[in-house]
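Comments concern the structure below.
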Amino acid sequence: MEAALLERAKEAVASVAGDLGLEVENLDVVHSSNTLSLRLLPCDVLVRAAPVGQRVSAFEVAVVQALCQERAPVASLDPRVEGRVHERDGFEMTFWSYLQPTHDAPSPATYADALRRLHAAMRRVELQAPHFTERVTAAADALTDRHRTPTLDDDRSLLLSSLRGGCDALLDRGGPDQLLHGEPHPGNVLHTAN
């Protein structure tokens, strides 16, 4: 997230948090991309904030509420705040329980067990989720737009071929669709004491 947008998002988050009765002295950036993750202290809450136009927060809330009911290994919304999307000054935000990550990496068995339990819970929930082909189409659109992805010229055809080939292979395979966890980037997969 650009610096000016990041500062506006932090101001909006602090304002909403104050209105919700959360004590906020520091807003520490945990992750910044198209979505901003902030740790609020001393109330110890994680807030995910994004420009209103992205409209992904409501889906995240629905998914996590369903998965928590199934006892999936996921972070929950903070119980001190109403479990919904909050909006202020052009940003949508959600308030989550902060989980302190441990510094050691999970063992392969621990990681595999968490994924097994997560996918089992995802099979039990019924949500209207976008089909994976929508994400593939969006990525392919970005790859074919040289203005949006100007630094990919050397890799553009390889990336497009891999993306489309993988998508076609999955579609040709058939079988029932199932929700899957997101990409395992920092902040999306955490090893915690719990």
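Residue numbering for the sequence shown follows the numbering used here, beginning at 34 and increasing consecutively. For every residue, glycine included, the Cβ atom is placed at its ideal position computed from N, Cα and C.
Residue i beta carbon near the ligand FMN (any heavy atom closer than 8 Å)
| i | result |
| --- | --- |
| asparagine 67 | You won't find the ligand FMN in this model; it holds no ligand whatsoever. |
Length of the line joining the Cα atoms of residue i and residue j
| i | j | result |
| --- | --- | --- |
| histidine 136 | alanine 172 | 33 Å |
| valine 97 | serine 109 | 7 Å |
| alanine 202 | arginine 168 | 16 Å |
| alanine 37 | proline 134 | 29 Å |
| valine 46 | alanine 153 | 34 Å |
| arginine 206 | asparagine 67 | 32 Å |
| leucine 100 | leucine 193 | 33 Å |
Nearest to residue i (by Cα), restricted to the options the options
| i | options | result |
| --- | --- | --- |
| serine 90 | Gln102, Glu58, Glu120 and Asp201 | Glu120 |
| proline 141 | Ala36, His224 and Phe124 | His224 |
| leucine 176 | Ser65, Arg189 and Thr166 | Arg189 |
| alanine 83 | Glu56, His164, Leu196 and Gly123 | Gly123 |
Distance CB(residue i)-CB(residue j) smaller than 9 Å
| i | j | result |
| --- | --- | --- |
| valine 78 | tyrosine 144 | no |
| leucine 39 | valine 62 | yes |
| leucine 69 | asparagine 59 | no |
| phenylalanine 92 | aspartate 111 | no |
| glutamate 125 | valine 118 | yes |
| leucine 160 | alanine 95 | yes |
| glutamine 87 | valine 158 | no |
| arginine 156 | leucine 212 | yes |
Residue range of the alpha helix (DSSP H) that includes residue i
| i | result |
| --- | --- |
| aspartate 61 | Careful: aspartate 61 lies outside any alpha helix (DSSP H), inside the beta strand (DSSP E) at 57-65. |
| arginine 88 | Premise fails: arginine 88 is in no alpha helix (DSSP H) and is neither H nor E. |
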